[in-house]
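If you read the sequence shown in this note's numbering, its first letter stands for residue 82, the second for the next number, and so on. Below is one structure, written out as structure tokens; the observations come after it.
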Amino acid sequence: MVLKVSSCPHCNSKIFFRIELSDINTERFPAPVYIVHKNGIYDKTSTFYADSKLRISYSTKEKKAGALKILNTIDKP
Ligand SMILES: [Zn+2]
Numbered sequence: 082m083v084l085k086v087s088s089c090p091h092c093n094s095k096i097f098f099r100i101e102l103s104d105i106n107t108e109r110f111p112a113p114v115y116i117v118h119k120n121g122i123y124d125k126t127s128t129f130y131a132d133s134k135l136r137i138s139y140s141t142k143e144k145k146a147g148a149l150k151i152l153n154t155i156d157k158p
């Protein structure tokens, strides 16, 4: 599990989530994964793209095809 600090494409807030290789399809990189930002007001899903070292290359507000899992954001560790 790798802790990631990123920003939500919907509200630009800093978000935290944990990701591991089993969360993504490792046949093709960058691999999409859905991240749900739960901020108490709304739950918004974005698509984040990870490379083979689980670095996030980019993200988009849209729910793109191909993600295996939905990951929730976590409270600031
Ligand atoms: Zn957000």
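In this text, a Cβ means the ideal position worked out from N, Cα and C, and glycines have one as well.
Can you tell me where the beta strand (DSSP E) with residue i in it begins and where it stops?
i: Lys95; result: 95-100
i: Asp156; result: From DSSP, Asp156 is part of no beta strand (DSSP E); its letter is neither H nor E.
i: Ser88; result: 83-88
i: Ala112; result: 112-119
Give the DSSP-derived three-state secondary structure of residue i in the structure shown.
i: Ser127; result: strand
i: Ser133; result: coil
Note down the Cα distance separating residue i from residue j, rounded to an integer number of angstroms.
i: Asn84; j: Ser133; result: Residue 84 is actually Leu in this sequence, not Asn. The straight-line gap from Cα to Cα measures roughly 15 Å.
i: Tyr158; j: Phe97; result: Looking at the sequence shown, residue 158 is not Tyr but Pro. Straight-line Cα distance between these residues: approximately 8 Å.
i: Ile155; j: Arg99; result: 8 Å
i: Ser138; j: Ala112; result: 10 Å
i: Gly147; j: Phe129; result: 11 Å
i: Arg95; j: Glu143; result: With the sequence shown as reference, residue 95 is identified as Lys, and Arg is not the correct amino acid for it. Cα to Cα, Lys95 sits roughly 18 Å from Glu143.
i: Ser140; j: Leu152; result: 14 Å
Measuring from each Cβ to the nearest heavy atom of ligand 1, keep the ones under 6 Å and list them in chain order.
Cys89, His91, Cys92, Ser94, His118, Asn120, Lys125
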